[in-house]
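**Student:** Numbering (our numbering), first residue to last: 677 to 1026. The C-beta atom is built at its ideal place from N, Cα and C for all residues, glycine as well.
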Ligand SMILES: [Mn+2]
């Protein structure tokens, strides 16, 4: 297991030198953020990002993410050209020594939460998802916007896009995902990149828009689209784990054993009634997921890929990008590293 940390480039308020000081930290997960979705990332930009990261003594092996243009997900007439650009990105990233590319195939909205600063009992703030809040934020009927939405769309554009996806439906989205996968995976195999799809977050349909990377049977279906280690999953405990139907430990055991998990996101969530959930501290007793069982499953399946702590709460008065402060993610990563050390030590003693 190699512990990594997400960093948003020069816009990020957290200096790389601080991340370097977290015990056990080996690498940075980042991306090129100033090139519009669908366009080619210049190799020179990728290389200079890599140099910046390596200068502080960290590795740059995982990119999160190379976003997939909506027209590829919708299967529109310009998708071949957009997939061509995507392939150029895969090739350029391989040239710079990248090993894993994380991406997702979620229509319109990426991760969805209804509040980004819910105050918990201990005074920290966190991201939450409450169905009651969600109902009030349906873009088709309400003026309210969900936090984290792409504000570059006008309301009319957004509703037009939602209507297109409703028409496409789940099967249409599967077809377009398969089309994309058949084109990109052979290239990834050739250049030695592992593609790792991130599950939909949360793993169910929102506002009638289809979401398909949601559970075990759909992950099976996804992996069968192209049977190759280059066609893998970013196993995210916080996304899959906020549905009680997903047994995350079982998913780790199943997919990591098949070498289909080059990258994982670990965080905890507290599942409440009514599909509500709150992002909690990583510590097992703070949420509904058991981190010891999860890391034990990674160990038992021979996992040698990259892990990063996922979202953290805001603690100790820190302000910044919700979910991506330094303190709680640093605590989370060291906690995970400690569990991993204990598991490795117990193996040596046997
Ligand atoms: Mn994640």
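Below 7 Å, is the gap between the Cβ of residue 912 and the nearest heavy atom of ligand 1?
**Tutor:** It does: the Cβ of residue 912 is within 7 Å (strictly closer) of some heavy atom of ligand 1.
**Student:** Got a sec, what are the start and stop residues for the beta strand (DSSP E) residue 955 sits in?
**Tutor:** Note, residue 955: beta strand (DSSP E), 953 to 956.
**Student:** Which of the three DSSP states is assigned to residue 791 in this structure?
**Tutor:** Note: residue 791 maps to strand in three-state DSSP.
**Student:** Apart from the five residues just before and just after residue 864, which ones in its own chain have a Cβ nearer than 6 Å to its Cβ?
**Tutor:** Result list for residue 864: 766, 871 and 906, in chain order.
**Student:** Please report how far the alpha carbon of residue 697 lies from the alpha carbon of residue 938, in whole angstroms.
**Tutor:** In a straight line, the C-alpha of residue 697 is about 25 Å away from that of residue 938.
**Student:** With residue 965 as the anchor, note down where its alpha helix (DSSP H) starts and where it stops.
**Tutor:** Per DSSP, residue 965 belongs to no alpha helix (DSSP H) and is neither H nor E.
**Student:** Would you say the beta carbon of residue 1009 comes nearer than 7 Å to a heavy atom of ligand 1?
**Tutor:** Because no heavy atom of ligand 1 lies under 7 Å away, the Cβ of residue 1009 does not count as near it: no.
**Student:** Enumerate, from N- to C-terminal direction, the unbroken beta strand (DSSP E) stretches of 3 or more residues contained entirely within the region 734 to 794.
**Tutor:** Those beta strand (DSSP E) runs which fall completely within the region 734 to 794 and span 3+ residues are 735 to 740 and 776 to 780.
**Student:** Anyone know if the C-beta pair for residue 951 and residue 807 falls short of 8 Å?
**Tutor:** Contact: yes.
**Student:** Spatial neighbours of residue 867 within its chain, please: CB distance less than 7 Å, with the 5 preceding and 5 following residues excluded, ordered by chain position.
**Tutor:** Hits under 7 Å: 766, 767 and 770.
**Student:** Can you tell me where the alpha helix (DSSP H) holding residue 959 begins and where it ends?
**Tutor:** Taken as a continuous stretch (DSSP letters only), residue 959 belongs to no alpha helix (DSSP H), as it is neither H nor E.
**Student:** Report yes or no: do three or more beta-carbon pairs, one from the region 698 to 706 and one from the region 752 to 766, lie closer than 8 Å?
**Tutor:** Not touching, per the Cβ criterion.
**Student:** Helix or strand or just coil, what does DSSP make of residue 895?
**Tutor:** Three-state DSSP puts residue 895 in a helix.
**Student:** Can you give the Cα-Cα distance for residue 1011 and residue 943, rounded to whole angstroms?
**Tutor:** Using only the alpha carbons, I get a separation of about 11 Å.
**Student:** Answer yes or no: the CB of residue 876 versus the heavy atoms of ligand 1, is any distance below 7 Å?
**Tutor:** No, the Cβ of residue 876 stays beyond 7 Å of every heavy atom of ligand 1.
**Student:** With a cut-off of 8 Å on the beta carbons, I'd call residue 1009 and residue 781 a contact; round off their distance for me.
**Tutor:** Not really, about 27 Å apart at Cβ, beyond 8 Å.
**Student:** Given the structure, does residue 958 come close to ligand 1, in the sense that its CB is under 7 Å from one of the ligand's heavy atoms?
**Tutor:** No, since every heavy atom of ligand 1 falls outside the 7 Å radius drawn around the Cβ of residue 958.
**Student:** Residue 1019 and residue 1003: beta carbons closer than 8 Å?
**Tutor:** Contact: no.
**Student:** Could you tell me the alpha carbon to alpha carbon distance between residue 850 and residue 1021, rounded to whole angstroms?
**Tutor:** Cα-Cα distance, rounded: 43 Å.
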